[in-house]
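Q:
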Amino acid sequence: MENQKVWFVTGASKGLGLTLIKQLLIQGHKVAATSRSIEELNEGTGAKPGENYLPLSVDLRSEESVGQAVADTISKFGRIDIVVNNAGYGLAGSLEELSDEEARGNFDINVFGSLNVIRKVMPHLRAQQSGHVFNISSIGGFTGYFPGFGIYCATKFAVQGFTEALAAEAKPFGIHATIVSPGYFRTNFLSTGSLNVPKNQIEAYKEVREVQNQHQHLIDGNQAGDPEKAAAAIIKVATEENPPLHLFLGQDAYDLAYAKMDAVKGDLENLKEMITSTGF
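Going by UniProt numbering, the sequence shown opens with residue 1, and the numbers climb by one from there.
#1: Quick check on Lys-30: does DSSP put it in helix, strand or coil?
#2: By Cβ distance, which residues of its chain are closer than 7 Å to Glu-207, with the 5 residues on each side in sequence left out?
#3: Spell out the partners DSSP gives His-132 in its beta bridges.
#4: Is it true that the stretch 28-42 meets the stretch 128-144, where meeting means three or more beta-carbon pairs spaced less than 8 Å apart?
#5: What are the partner residues of Asn-196, as DSSP defines its beta bridges?
#6: Only counting the same chain, and skipping five residues up and downstream in sequence, which positions put a Cβ closer than 6 Å to that of Thr-143?
#7: Cβ of Val-111 within 8 Å of Cβ of Val-159?
#8: Going straight from the alpha carbon of Val-237 to that of Ala-165, what length do you get?
#9: What residue from Ser-94, Ser-37 and Ser-65 has the CA that sits closest to Asn-196's CA?
#10: Applying the 10 Å Cβ sphere with the 16-neighbour rule, what's the burial state of Phe-280?
#11: Any chance the stretch 110-125 sits against the stretch 225-241, with 3 or more Cβ pairs inside 8 Å?
#12: Less than 7 Å between C-beta atoms, sequence neighbours within five positions excluded: which residues of the same chain meet that for Pro-55?
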């Protein structure tokens with residue numbers, strides 16, 4: 001197959017990552033898929049390691065583990081064309097009640113895990129003068145006005161920031177970068193194991209508890225987004241000659257992105273005189 005690519009996908013044992021690698025394997029692409037558990041990966045895909053499929057057990061917090069996975073992928077497939085930094089988990093709780101350990105833990109996977117992958121894969125992409133890095137953010141990485149999701153949003157805002165910089169840094173080498181910002185998709189993201197809650201909850205935060213409760217019990221399983229269509233969109237964008245830097249997915253993400261842009265524009269224009277009068 002002329003258009004057969006080698007994909008390296010993290011967090012592939014569930015959610016969007018699993019949906020994506022299943023579609024890729026059906027389409028005949030070569031896939032290196034990482035998870036903490038190879039058993040979970042193989043169970044999820046229903047596939048056995050073979051000519052096109054390399055399941056890898058990786059601790060994204062360890063540069064050594066990530067480096068080994070990248071080396072194993074290149075050893076098997078000869079190259080890596082497309083990287084999808086999908087691994088991550090949700091964290092609910094107000095800024096006051098989440099501990100330093102809980103906050104840093106979320107950054108370790110959602111931010112530093114992806115940076116470890118980028119650091120290890122870029123030398124190969126630069127050498128071949130091609131490649132595409134997809135970093136899975138969230139609409140919560142573009143607008144943070146969600147009580148109880150401040151730390152999670154902060155991790156995803158970080159993903160947006162470093163991906164924009166990566167796009168500029170990688171461009172001279174013929175490498176693309178895309179930020180994927182989904183709204184609510186019907187994956188297991190809001191289920192236990194993917195959504196962590198604070199050990200020490202402060203009852204005064206009524207609104208935070210309400211939002212947390214909604215996400216765990218009302219929204220979970222009723223999300224409007226179809227993960228199959230989200231995965232198909234990512235695969236399509238990977239074939240484009242000039243792929244977008246920002247890929248929002250879902251009507252909710254589209255609407256929330258415009259609400260944020262309109263709010264920022266409003267603040268700029270309402271205070272334009274003061275904002276622009278601060279020079280010497």
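Where is the CB? At the ideal position from N, CA and C, for every residue including glycine.
A: The short version:
#1: strand
#2: Pro-147
#3: Ile-82 and His-176
#4: no
#5: Leu-91
#6: Leu-256 and Lys-260
#7: yes
#8: 20 Å
#9: Ser-94
#10: exposed
#11: no
#12: Ala-33, Ile-38, Leu-41, Asn-42 and Pro-49
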